[in-house]
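**Student:**
Protein chains: 2
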Amino acid sequence: MSTSKEVFIAVIGAGGVGKCFLSQLEGLSKRSSSKLSLIFVSRSKTALYSPKYTALPYENISSTLADSKQETLSIPKIIEYLSAAPSKVVLVDNTSSQDVADAYPAFLAKGISIVTPNKKAFSGSYKLWQDIFSAASTSGAKVYHESSVGAGLPVISTLKELVDTGDEVTRIEGVFSGTMSFLFNSFAPTEGSGGKWSAEVTKAKELGYTEPDPRDDLNGLDVARKLTILARLAGLPIESPTSFPVQSLIPNELESVASGDEFLQKLPEFDSQMEETKNAAEKEGKVVRFVGSIDVAKKEVKVGLEKFDRSHPIAALKGSDNIISFYTKRYGANPLIIQGAGAGGEVTAMGVTGDLIKVLERLS
Amino acid sequence: MSTSKEVFIAVIGAGGVGKCFLSQLEGLSKRSSSKLSLIFVSRSKTALYSPKYTALPYENISSTLADSKQETLSIPKIIEYLSAAPSKVVLVDNTSSQDVADAYPAFLAKGISIVTPNKKAFSGSYKLWQDIFSAASTSGAKVYHESSVGAGLPVISTLKELVDTGDEVTRIEGVFSGTMSFLFNSFAPTEGSGGKWSAEVTKAKELGYTEPDPRDDLNGLDVARKLTILARLAGLPIESPTSFPVQSLIPNELESVASGDEFLQKLPEFDSQMEETKNAAEKEGKVVRFVGSIDVAKKEVKVGLEKFDRSHPIAALKGSDNIISFYTKRYGANPLIIQGAGAGGEVTAMGVTGDLIKVLERLS
Numbered sequence: 001m002s003t004s005k006e007v008f009i010a011v012i013g014a015g016g017v018g019k020c021f022l023s024q025l026e027g028l029s030k031r032s033s034s035k036l037s038l039i040f041v042s043r044s045k046t047a048l049y050s051p052k053y054t055a056l057p058y059e060n061i062s063s064t065l066a067d068s069k070q071e072t073l074s075i076p077k078i079i080e081y082l083s084a085a086p087s088k089v090v091l092v093d094n095t096s097s098q099d100v101a102d103a104y105p106a107f108l109a110k111g112i113s114i115v116t117p118n119k120k121a122f123s124g125s126y127k128l129w130q131d132i133f134s135a136a137s138t139s140g141a142k143v144y145h146e147s148s149v150g151a152g153l154p155v156i157s158t159l160k161e162l163v164d165t166g167d168e169v170t171r172i173e174g175v176f177s178g179t180m181s182f183l184f185n186s187f188a189p190t191e192g193s194g195g196k197w198s199a200e201v202t203k204a205k206e207l208g209y210t211e212p213d214p215r216d217d218l219n220g221l222d223v224a225r226k227l228t229i230l231a232r233l234a235g236l237p238i239e240s241p242t243s244f245p246v247q248s249l250i251p252n253e254l255e256s257v258a259s260g261d262e263f264l265q266k267l268p269e270f271d272s273q274m275e276e277t278k279n280a281a282e283k284e285g286k287v288v289r290f291v292g293s294i295d296v297a298k299k300e301v302k303v304g305l306e307k308f309d310r311s312h313p314i315a316a317l318k319g320s321d322n323i324i325s326f327y328t329k330r331y332g333a334n335p336l337i338i339q340g341a342g343a344g345g346e347v348t349a350m351g352v353t354g355d356l357i358k359v360l361e362r363l364s
Numbered sequence: 001m002s003t004s005k006e007v008f009i010a011v012i013g014a015g016g017v018g019k020c021f022l023s024q025l026e027g028l029s030k031r032s033s034s035k036l037s038l039i040f041v042s043r044s045k046t047a048l049y050s051p052k053y054t055a056l057p058y059e060n061i062s063s064t065l066a067d068s069k070q071e072t073l074s075i076p077k078i079i080e081y082l083s084a085a086p087s088k089v090v091l092v093d094n095t096s097s098q099d100v101a102d103a104y105p106a107f108l109a110k111g112i113s114i115v116t117p118n119k120k121a122f123s124g125s126y127k128l129w130q131d132i133f134s135a136a137s138t139s140g141a142k143v144y145h146e147s148s149v150g151a152g153l154p155v156i157s158t159l160k161e162l163v164d165t166g167d168e169v170t171r172i173e174g175v176f177s178g179t180m181s182f183l184f185n186s187f188a189p190t191e192g193s194g195g196k197w198s199a200e201v202t203k204a205k206e207l208g209y210t211e212p213d214p215r216d217d218l219n220g221l222d223v224a225r226k227l228t229i230l231a232r233l234a235g236l237p238i239e240s241p242t243s244f245p246v247q248s249l250i251p252n253e254l255e256s257v258a259s260g261d262e263f264l265q266k267l268p269e270f271d272s273q274m275e276e277t278k279n280a281a282e283k284e285g286k287v288v289r290f291v292g293s294i295d296v297a298k299k300e301v302k303v304g305l306e307k308f309d310r311s312h313p314i315a316a317l318k319g320s321d322n323i324i325s326f327y328t329k330r331y332g333a334n335p336l337i338i339q340g341a342g343a344g345g346e347v348t349a350m351g352v353t354g355d356l357i358k359v360l361e362r363l364s
């Protein structure tokens with residue numbers, strides 16, 4: 001067996017995904033052939049770390065952090081602290097912060113590897129995307145972000161492998177939002193008639209399946225970000241998640257109401273719009289779903305409502321599952337399909353932990 | 001970028017998968033940051049290699065090999081030749097040979113990494129499985145075999161990641177044979193009535209979807225081998241592919257007829273058996289499929305016919321696709337599903353090429 005090496009782990013963010021990750025990291029530290037030393041962990045305002053890089057105990061780390069009075073460092077100070085560490089460092093960014101994402105090139109340039117579910121870095125400006133991968137390529141640091149699309153589902157690794165082994169990806173299509181999946185599987189089920197649109201949105205919010213303001217799901221931007229990432233991996237230099245058509249499900253009149261609660265209160269007035277869409281699909285024997293698609297040859301990316309036969313895998317999806325179909329030259333008429341939960345703390349953290357294992361195996 | 005290192009590649013087998021792999025390797029050699037030098041390639045009786053490890057040209061390598069008069073080496077001689085090479089070596093075994101598989105521990109002990117679609121090594125005796133992974137662990141050589149189950153579909157990497165990140169796999173279920181998938185999707189389709197069993201088998205053979213003797217598919221052993229591999233990865237110490245119940249679809253009376261052709265000739269006499277099975281399922285509104293399943297908690301593995309609702313993803317499969325469902329603690333009621341072509345030269349070779357990339361990234 002290769003000799004056990006020490007690797008320093010720094011974790012930013014200890015919310016839903018962060019807590020699950022810290023717990024998975026504790027498990028991994030007991031099984032890994034590398035010695036995994038947690039030297040920095042932070043949440044919004046506080047942190048735990050020592051100037052001497054003393055490893056923090058894994059046990060109850062989330063609650064120890066919650067009780068910490070130690071002020072967190074600014075991003076430049078975190079980079080400084082980690083760059084001076086006497087072993088290789090992997091940064092785990094469990095936030096959805098644009099500020100942290102913007103600093104990835106600086107971390108990577110210092111040889112600090114990154115694993116993260118944070119979509120912002122990979123779906124922001126194309127320049128940031130290029131800066132990230134060129135910094136990594138120059139320094140040899142690694143960067144993995146499996147959970148930025150479909151949580152722990154092997155979506156990004158599969159697309160990368162198709163491309164890296166020389167297959168030609170012609171089309172990617174799927175349901176990329178657990179919230180949208182849940183909403184449409186309930187609103188327009190393949191059997192039975194489903195509820196009213198506003199009632200389904202309210203139910204989804206009550207079950208915790210939406211953002212605090214459901215408009216943050218219904219505007220389609222989350223799906224657009226994921227499509228941006230996949231399209232770039234497939235070779236399209238997409239400028240930003242707003243540079244292609246994205247259908248918003250927020251009625252114009254409700255774009256600017258003050259709160260999510262007010263939005264939900266007024267949404268029933270607009271139920272007829274969605275009802276018409278559903279009925280139009282039903283007349284063709286189909287159901288409506290909110291999907292994203294990438295036509296690689298035509299360089300077309302789009303996000304919005306589409307109609308599917310009831311027997312189509314996208315129509316037959318259950319619960320809040322995601323489904324992603326890769327059409328390629330090698331796979332021919334029947335795509336390579338990946339399906340399952342695309343959201344949730346444990347499965348998102350799993351993608352991050354899996355990425356961390358990949359980095360550990362590749363750090364020489 | 002990390003400095004370009006030279007890695008020696010040795011390829012055994014240049015049949016359907018082997019030829020596709022050699023072509024993919026040529027493409028990879030142009031894109032890889034490692035210098036990939038092909039130093040040995042062999043088919044049944046002949047080979048191409050030089051005592052000085054001079055790199056072979058990739059261009060037209062399959063036909064050059066077909067024309068070669070150079071006699072191939074015995075397995076011990078190949079090990080000797082590769083062990084003395086002045087760079088790290090990756091052996092690509094594109095055969096389905098038990099003899100080559102039995103030598104994996106010897107290759108690995110010498111630090112030679114292995115990538116292969118050959119099921120024999122991982123589904124033979126449990127002792128061979130243990131010897132392979134302990135030799136790899138001791139020497140630091142890598143061994144990857146994605147294409148031993150579901151061809152290029154990310155089945156093994158996904159199962160490994162579930163296990164390595166600490167998820168609890170409770171059940172694995174699916175259609176693991178492209179031949180069986182094709183046969184049952186035609187014989188018992190979800191819509192329409194399908195053909196006679198013997199006619200479907202004959203058609204599948206004519207289309208090249210079966211082994212030369214279709215009994216080699218119908219005996220269930222190919223599926224049993226794949227289940228053995230997955231069950232072992234999930235932690236069950238399965239002794240061999242014959243140590244759990246496997247239903248054969250060969251009528252007893254035809255077990256010992258001399259040839260595949262004679263088998264096909266006599267098969268119509270037994271159509272009523274399969275017809276009864278199909279009708280019994282239909283009475284429950286279901287269809288019959290040939291599946292494998294692993295119940296990890298109960299330590300039960302089985303292969304055979306089962307009935308599924310027409311809306312079940314296993315029933316709705318198309319063509320000769322495979323489908324594999326992973327039920328785990330983290331994924332809950334809805335499994336993580338992977339679906340697509342599970343056979344064919346290009347997609348099988350893709351899994352091998354993908355594994356080679358993984359090894360290259362991990363060789364320090």
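So the sequence lines, in the order shown, correspond to chains A and B.
full-length UniProt numbering numbers the first residue of the first sequence as 1 and each following residue consecutively.
full-length UniProt numbering numbers the first residue of the second sequence as 1 and each following residue consecutively.
All C-beta atoms, glycine included, are put in the ideal place defined by N, C-alpha and C.
1) So, A151(A) versus G111(A), is the Cβ gap smaller than 7 angstroms?
2) Under 8 angstroms Cβ to Cβ from M1(A), same chain only, skipping five residues before and after it: list those, please.
3) Quick check on this structure: which residue in P76(B), L48(B), T72(B) and T54(B) has the alpha carbon closest to the alpha carbon of S63(B)?
4) Leaving out five residues on either side along the sequence, give the residues of the same chain with a beta carbon under 6 angstroms from the beta carbon of S137(B).
5) Could you name the residues of the same chain whose beta carbon sits closer than 8 angstroms to that of R232(A), not counting the 5 residues immediately before and after it, in chain order?
6) What residues from chain A crowd round M350(B), counting only those whose CB sits closer than 7 angstroms?
7) How should S147(A) be labelled, buried or exposed, when 16 other C-beta atoms within 10 angstroms of its C-beta is the threshold for buried?
8) Give the straight-line distance between the Cα atoms of P105(A) and I79(A), rounded to the nearest whole angstrom.
9) For residue 365(A), return the contacting residues in chain B, with the cut-off set at a CB-CB distance below 8 angstroms.
10) Under 9 angstroms between beta-carbons, which chain B residues line up against I337(A)? List them in chain order, please.
11) Can you name the residues that DSSP bridges to A10(B)?
12) When you compare the CB of R362(A) with every CB in chain B, is at least one pair closer than 7 angstroms?
13) Could you work out which residues of chain B lie near S311(A), taking near to mean beta carbons separated by less than 7 angstroms?
14) Is the beta carbon of V175(A) sitting closer than 7 angstroms to the one on N322(A)?
15) I'd like to check one pair, F326(A) with I172(A): are the Cβ atoms closer than 7 angstroms?
16) Between the beta-carbon of residue 367(B) and the beta-carbon of R215(B), is there less than 7 angstroms?
17) Return the Cβ separation of L159(A) and I132(A) in integer angstroms, given the expectation that the two are a contact with Cβ distance under 8 angstroms.
18) Quick one: using the 10 Å Cβ neighbour count with 16 as the cut-off for buried, is S241(B) buried or exposed?
19) From the beta carbon of E346(A), is the nearest beta carbon of chain B less than 7 angstroms away?
20) Between the region 346-357 of chain A and the region 52-61 of chain B, do at least 3 Cβ pairs fall closer than 8 angstroms?
21) Of the choices L183(B), G195(B), K226(B) and I229(B), whose alpha-carbon is the least far from that of G208(B)?
22) Apart from the five residues on each side of it in sequence, which residues of its chain come closer than 8 angstroms, Cβ to Cβ, to Q339(A)?
23) State whether the region 83-91 of chain B contacts the region 186-194 of chain B, with contact taken as three or more CB pairs (one from each stretch) at a distance under 8 angstroms.
24) Using DSSP with H/G/I as helix, E/B as strand and the rest coil, what is R310(A)?
25) When you compare the CB positions of A341(A) and Y331(B), do they come within less than 7 angstroms of one another, or not?
26) For residue 366(B), count neighbouring C-beta atoms within 10 Å of its own C-beta (all shown protein chains included) and say buried if the count is 16 or more, exposed if not.
27) Is DSSP giving A341(B) helix, strand or coil here?
28) How many Å lie between F8(A) and Y81(A) at the Cα?
29) Identify whether V291(A) lies in helix, strand or coil by the three-state DSSP scheme.
30) Which residues in chain B have a C-beta closer than 7 angstroms to the C-beta of N334(A)? List them in chain order.
31) Which residue marks the beginning of the beta strand (DSSP E) containing N279(A), and which one marks its end?
32) Compare the Cα-Cα distances from S23(B) to each of L28(A), G166(A), R225(A) and S23(A) and report the closest residue.
33) Are T210(B) and T170(B) close, meaning C-beta to C-beta below 7 angstroms?
34) List the residues of chain A that P154(B) touches, going by C-beta distances under 9 angstroms, in chain order.
35) If we call anything under 7 angstroms between Cβ atoms a contact, is G354(B) one with E161(A)?
36) Report, in whole angstroms, the separation of the C-beta atoms of T116(A) and V352(A), which I expect to be a contact under 8 angstroms.
**Tutor:** Once the coordinates are examined:
1) No.
2) For M1(A), the pLDDT reaches just 41, beneath the cut-off of 50, and the residue's location in the model is therefore unreliable, leaving the point undetermined.
3) Nearest C-alpha to S63(B): L48(B).
4) Result list for S137(B): empty, nothing under 6 angstroms.
5) Contacts found: F122, Y126, W129 and I238.
6) Within chain A, the residues near M350(B) are T165, D167 and R330.
7) So S147(A) counts as buried.
8) In this model, P105(A) and I79(A) are separated by some 11 angstroms (Cα to Cα).
9) An answer regarding residue 365(A) cannot be provided, because it is not within the stretch 1 to 364 covered by chain A.
10) Residues of chain B whose Cβ lies closer than 9 angstroms to the Cβ of I337(A) are, in chain order, D321, I323, I337, I338, Q339 and G340.
11) Answer is F40(B) and L91(B), bridged to A10(B).
12) Chain B places a beta carbon closer than 7 angstroms to that of R362(A), counting this residue as a contact.
13) A316, listed in chain order.
14) Taking 7 angstroms as the Cβ cut-off, V175(A) and N322(A) qualify as a contacting pair.
15) For the pair I172(A) and F326(A), the CB atoms are nearer than the 7 angstroms cut-off.
16) The requested residue 367(B) is not part of the displayed model; chain B covers only 1 to 364.
17) The C-beta distance from L159(A) to I132(A) rounds to 17 angstroms, too long to fall under 8 angstroms, and the pair is not in contact.
18) Position check: residue 241(B) holds Pro in this sequence, whereas Ser was assumed. Buried, since its Cβ has 16 or more Cβ neighbours within 10 Å.
19) Residue contact check for E346(A) against chain B: a CB pair falls below 7 angstroms.
20) Judged by Cβ distances under 8 angstroms, the region 346-357 of chain A makes no contact with the region 52-61 of chain B, as fewer than three pairs qualify.
21) Out of L183(B), G195(B), K226(B) and I229(B), the CA that lies nearest to the CA of G208(B) is found in L183(B).
22) Taken in chain order, the residues that qualify are L153, P313, L317, D321, N322, I323 and I324.
23) Short answer: they don't touch.
24) DSSP places R310(A) in coil when its eight states are reduced to three.
25) Their beta carbons are under 7 angstroms apart, which means A341(A) touches Y331(B) by this criterion.
26) There is simply no residue 366(B) to check, as chain B begins at 1 and stops at 364 in what is shown.
27) Of the three classes helix, strand and coil, the one that applies to A341(B) here is strand, per DSSP.
28) When rounded, the distance between both Cα atoms is 12 angstroms.
29) Here V291(A) sits in strand by DSSP.
30) Simply K318, G319, D321, G340 and A341.
31) Going by DSSP, N279(A) is part of no beta strand (DSSP E) but of the alpha helix (DSSP H) stretching over D271 to K283.
32) The residue with the shortest Cα to Cα distance from S23(B) is G166(A).
33) No, Cβ-Cβ distance for T210(B) and T170(B) is not below 7 angstroms.
34) Using a Cβ-Cβ cut-off of 9 angstroms, P154(B) is close to P154, S157, T158, E161, L336 and I338 of chain A, given in chain order.
35) At the C-beta level, G354(B) and E161(A) come within 7 angstroms of one another.
36) With 8 angstroms as the limit, T116(A) and V352(A) qualify as a contact, their Cβ atoms being about 7 angstroms apart.
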